[in-house]
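The structure appears below as structure tokens.
In the numbering used here, the protein residues as written are 9 to 239.
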């Protein structure tokens, strides 16, 4: 009966590969979160803008992104999009870590589409009289949003945004299809080299579970520290 080989996970070349994959997965999630949040806020404001053309742009972005699988986004930004660029830029991209860059672009656009809807819902949860009060004070649409509405809406929006962050963390695993050396990719490489499937994928499973539970714990802490107001 096979025995679980702890040494594979605790030291040596394969341990280093798995840890490097975990680090890259965390970096992909962090970079995507930093880029997706401001984009999501912009898209949410576009969807609520007074101009119909701006609302249509926001709507088109959300619907076109959300109705295409993340896998298709990954493959497009890795295989197709670079071919549309000038040769100089394309050569520069291919000289670096284009796999990770393509993954960040795909994850950012995909995650921002979902986060924008959470932000928009938070904004719409604020009573309309708050917006009217801001306009009565002489603020324009954008100033009213930034000074009056968003400070209140973001408190409501944080829990669902943390939930989207959890989805983002799990979605980083899709980057393995374009060869980004993240956690699932490295687990597959270790399994191919050692034929120790259980050990390599047990490490990946434990890593995903640990980070996911940490994000879930953050959401629970926030909800207990800043409970929803009942009045």
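All C-beta atoms, glycine included, are put in the ideal place defined by N, C-alpha and C.
Exercise. Starting from residue 219, trace the alpha helix (DSSP H) both ways and give me its first and last residue.
Key: Indexing the chain shown from 1 puts residue 219 at position 211. Segment 205 to 233, the alpha helix (DSSP H) holding residue 219.
Quiz item: Since residue 103 is in the alpha helix (DSSP H), which residue starts that stretch and which ends it?
Solution: The count along the chain shown starts at 1 and reaches residue 103 at position 95. Taken as a continuous stretch (DSSP letters only), the alpha helix (DSSP H) holding residue 103 covers 95 to 103.
Exercise. Can you give me the Cβ contacts of residue 160 inside the same chain, cut-off strictly under 8 Å, excluding the 5 residues immediately before and after it?
Key: By one-based count along the chain shown, residue 160 stands at place 152. So the qualifying residues of the chain are 134 and 138.
Exercise. Could you tell me whether the Cβ atoms of residue 39 and residue 107 are closer together than 9 Å?
Key: The residue labelled residue 39 in the question sits at position 31 within the chain shown. The residue labelled residue 107 in the question sits at position 99 within the chain shown. Contact flag unset, no.
Self-check item: Separation of residue 174 from residue 49, as counted between CA atoms
Solution: One-based indexing of the chain shown puts residue 49 at position 41. One-based indexing of the chain shown puts residue 174 at position 166. Distance between the alpha carbons of residue 49 and residue 174 is about 18 Å.
Quiz item: Excluding the five sequence neighbours on either side, which residues of its own chain have a C-beta within less than 6 Å of the C-beta of residue 239, listed in chain order?
Solution: On the chain shown, position 231 is the one that residue 239 refers to. With a pLDDT of 43 at residue 239, under the threshold of 50, the modelled position of that residue is not reliable, and the figure given next carries that caveat. Correct list: empty, nothing qualifies.
Quiz prompt | CA nearest to the CA of residue 51, picked from 126, 11 and 100 | solution = For the purposes of this step, residue 51 is identified with residue 43 of the chain shown, where counting begins at 1. Selected option, being the one with the closest Cα: 126.
Practice problem: State yes or no: is the C-beta of residue 168 within less than 9 Å of the C-beta of residue 130? | Solution: Taking the chain shown and counting its residues from 1, one reaches residue 168 at position 160. Taking the chain shown and counting its residues from 1, one reaches residue 130 at position 122. Contact flag set, yes.
Quiz item: Anyone know if the C-beta pair for residue 212 and residue 66 falls short of 9 Å?
Solution: Working through the chain shown from its first residue, we reach residue 212 at position 204. Working through the chain shown from its first residue, we reach residue 66 at position 58. No; because the gap between Cβ atoms is not below 9 Å, this pair is not in contact.
Self-check item: Option nearest residue 216 by Cα separation, candidates 87, 18 and 191
Solution: The residue given as residue 216 occupies position 208 in the chain shown. The shortest CA-to-CA distance from residue 216 to any of 87, 18 and 191 is the one to 191.
Self-check item: Distance, residue 164 Cα to residue 141 Cα
Solution: Here residue 141 refers to the residue found at position 133 of the chain shown. Here residue 164 refers to the residue found at position 156 of the chain shown. Roughly 20 Å separates the two Cα atoms.
Quiz item: Candidates 204, 114 and 86: which alpha carbon is nearest residue 101's?
Solution: Counting from 1 along the chain shown, the entry for residue 101 is found at position 93. The shortest C-alpha to C-alpha distance from residue 101 to any of 204, 114 and 86 is the one to 86.
Quiz item: Tell me which same chain residues have a C-beta within less than 8 Å of the C-beta of residue 230, skipping the five on either side of it?
Solution: Taking the chain shown and counting its residues from 1, one reaches residue 230 at position 222. Around residue 230: 166, 167 and 170.
Quiz item: Which of helix, strand or coil does DSSP assign to residue 19?
Solution: On the chain shown, position 11 is the one that residue 19 refers to. The answer is coil: DSSP assigns residue 19 none of H, G, I, E or B.
Quiz item: Whole alpha helix (DSSP H) runs in the region 160 to 208 with 4 or more residues, listed along the chain?
Solution: 191 to 202
Exercise. Assuming residue 180 contacts residue 33 (C-beta within less than 8 Å), just tell me the rounded distance between them.
Key: As a working note, residue 180 is residue 172 in the chain shown. As a working note, residue 33 is residue 25 in the chain shown. Indeed they touch by this definition, with Cβ atoms about 5 Å apart.
Exercise. Could you name the residues of the same chain whose beta carbon sits closer than 7 Å to that of residue 205, not counting the 5 residues immediately before and after it, in chain order?
Key: Taking the chain shown and counting its residues from 1, one reaches residue 205 at position 197. 199.
Practice problem: Please name the residue in 122, 194, 68 and 207 whose C-alpha comes closest to that of residue 45. | Solution: On the chain shown, position 37 is the one that residue 45 refers to. The residue with the shortest Cα to Cα distance from residue 45 is 122.
Quiz item: So the alpha helix (DSSP H) residue 139 belongs to, where does it begin and stop?
Solution: Numbered from 1 along the chain shown, position 131 holds the residue referred to as residue 139. Element bounds for residue 139: 136 to 144.
Quiz item: For the alpha helix (DSSP H) that residue 112 lies in, which residues bound it at each end?
Solution: Numbered from its first residue, the chain shown carries residue 112 at position 104. Per DSSP, residue 112 belongs to the alpha helix (DSSP H) from 106 to 132.
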